[in-house]
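If you want our numbering, it's the 1-based position in the sequence shown plus 236.
Glycine included, C-beta positions come from ideal geometry on N, C-alpha and C.
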Amino acid sequence: RMRERGIPFLRLNTEDFGDAFRLTISMDSREAVGFAHLTDGRTIRTDEITGAYIRRPALPNPAEDVEDTHRDFAAREMIETLRSFWTLIPDERWLNPPNALHSAAVKTRQLMAARQCGFDIPPTCVSDHAGAIAEFTTRWNAPFISKAVKSGFVSVKGEYRLAATTRLPATFPADLADYAATPAMYQPEIRKAHDLRVTVVDDRVYAAAIYSQEAAETEVDWRVDIPGGTELRHEAVALEPQVEEACRRITRVLGLRYSAIDLIRTMDGGAVFLEVNPNGEWMWLEDLCGFPLRDTIIDALARAA
Numbered sequence: 237r238m239r240e241r242g243i244p245f246l247r248l249n250t251e252d253f254g255d256a257f258r259l260t261i262s263m264d265s266r267e268a269v270g271f272a273h274l275t276d277g278r279t280i281r282t283d284e285i286t287g288a289y290i291r292r293p294a295l296p297n298p299a300e301d302v303e304d305t306h307r308d309f310a311a312r313e314m315i316e317t318l319r320s321f322w323t324l325i326p327d328e329r330w331l332n333p334p335n336a337l338h339s340a341a342v343k344t345r346q347l348m349a350a351r352q353c354g355f356d357i358p359p360t361c362v363s364d365h366a367g368a369i370a371e372f373t374t375r376w377n378a379p380f381i382s383k384a385v386k387s388g389f390v391s392v393k394g395e396y397r398l399a400a401t402t403r404l405p406a407t408f409p410a411d412l413a414d415y416a417a418t419p420a421m422y423q424p425e426i427r428k429a430h431d432l433r434v435t436v437v438d439d440r441v442y443a444a445a446i447y448s449q450e451a452a453e454t455e456v457d458w459r460v461d462i463p464g465g466t467e468l469r470h471e472a473v474a475l476e477p478q479v480e481e482a483c484r485r486i487t488r489v490l491g492l493r494y495s496a497i498d499l500i501r502t503m504d505g506g507a508v509f510l511e512v513n514p515n516g517e518w519m520w521l522e523d524l525c526g527f528p529l530r531d532t533i534i535d536a537l538a539r540a541a
C-alpha cells in the first residue's frame, strides 16, 4: 500500500540483524545517531527516519562461527544493540514507542489506567495463593474465568497457540491447589451481549461489534477458532461519545498512538473494559468491517515526520 501511495519505506527484519544489515551507534557531547548498514551498500541514519513501526520483532541469530558457549551472550548483545538503536528514533516518530509497548502490555497497569479514564472494569485478582483466590471468589455469586497474566499465547513444539480465557468449572473452588500452581488472573464472568474491538490510531477510533455469543465456542473468548472455520459476525458500530473518548484517553495515558482495546457490551447496554493490546491485529477488521486502517496507519506514520 505504501508503494501504491508513493511513500518510500524500508523494512528491517530483526531476525536478519548481522546478516541482511548491521548497526552502528555513534555518540558524543554534540549528537547521537545510529546507522543501519544494508547489504546493498545503503546506509540509513536514524535522523533520516520520519516514521517507525515495530511489529512482533523476532530474536536475532548470532553468526554460525560464534562458539556455543558464547551464543547466549552474543544474542543478548544483539538484542540490546537493537533496543539502543531504537532509542535514537524520537518517541513521537514511533507508532508505538518500543518502551511504551513494553510498559503498556502490563494488564494490571491497563486496568488501573482504565479506571482513571472512566471505564468500568471487572473485579480482578492476580494470584498463585490458594487462600487469597478462595477469599476473592466467595465475594461474587457468579461463574469465574481465568486468563493469562501476560501473554495469551503458549509455544507448543515451536508453534504458537492461543492460551484462551477459560470459564472455570463448578468444581473450581475445591480444586484450588491445582489452579494456584501458577499465577493467573481471575475475574467473575460478565454476561455479554457481544464483544467490542476498538482500534485507536491517534484521534481516529474504529469500533467493531463481534457477535461472540452466536457460537458456543466463543462465548468466553471470541479469539477461539470455531470448528469448520466459520467466521464470527462482525459489524462496524458507533460508540457512545464518552466511551469513544475514554478509548482515546487510555491510549494516551499508556503512552501509545495505536491501541486495540477489548470491551464487553453488557446485557444492559453498558461497556466494560477488558484489556488493551498495544500491538494488536487489525487487518481482519479492514476486511470484515471496511475500516480504512492501512491508510490511517500510513497517515499516522507520515504525520510523525
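- Relative to the Cα of lysine 428, the nearest Cα in the group Leu510, Leu347, Leu521 belongs to Leu510.
- Just so you know, the alpha carbons of threonine 532 and alanine 256 end up roughly 30 Å apart.
- Pairwise C-beta distances place the stretch 475 to 494 in contact with the stretch 330 to 341, as three or more of them are shorter than 8 Å.
- Under the DSSP definition of a beta bridge, glutamine 423 partners with Ile381.
- DSSP lists Gly270 as the bridge partner or partners of isoleucine 261.
- Sequence-distant Cβ neighbours of valine 434 in its own chain, meaning closer than 6 Å and more than five residues away, are Ala443, Cys483, Ile497.
- By the CB criterion at 9 Å, leucine 246 and alanine 268 fall outside the cutoff.
- Taking all protein chains in view, the Cβ of glutamine 346 is crowded by 16 or more other Cβ atoms within 10 Å, so the residue is classified as buried.
- The stretch 360 to 368 and the stretch 413 to 423 touch, with three or more beta-carbon pairs separated by less than 8 Å.
- In this structure, the CA atom of glycine 287 is about 32 Å from the CA atom of aspartate 308.
- When the Cα atoms are used, threonine 250 and proline 293 turn out to be separated by approximately 6 Å.
- Take the alpha-carbon of isoleucine 243 and the one of glutamate 480: they are about 31 Å apart.
- Residue pairing by DSSP places asparagine 513 opposite Ala496 in a beta bridge.
- According to the DSSP assignment, isoleucine 280 belongs to the beta strand (DSSP E) that extends over 279 to 281.
- For glutamate 471, the CB contacts under 6 Å within the same chain, skipping 5 residues up- and downstream, are Ala445 in chain order.
- Relative to threonine 374, the option among Asp414, Pro409, Ala311, Ala341 whose CA is nearest is Pro409.
- Assignment of beta-bridge partners to phenylalanine 253 by DSSP yields Phe257.
- In the structure shown, cysteine 525 falls within a helical segment according to DSSP collapsed to helix, strand and coil.
- Under the DSSP assignment, valine 456 falls outside any beta strand (DSSP E); it carries neither an H nor an E label.
- When C-alpha distances from aspartate 276 are compared across Ser262, Arg291, Thr407, Arg258, the shortest belongs to Arg258.
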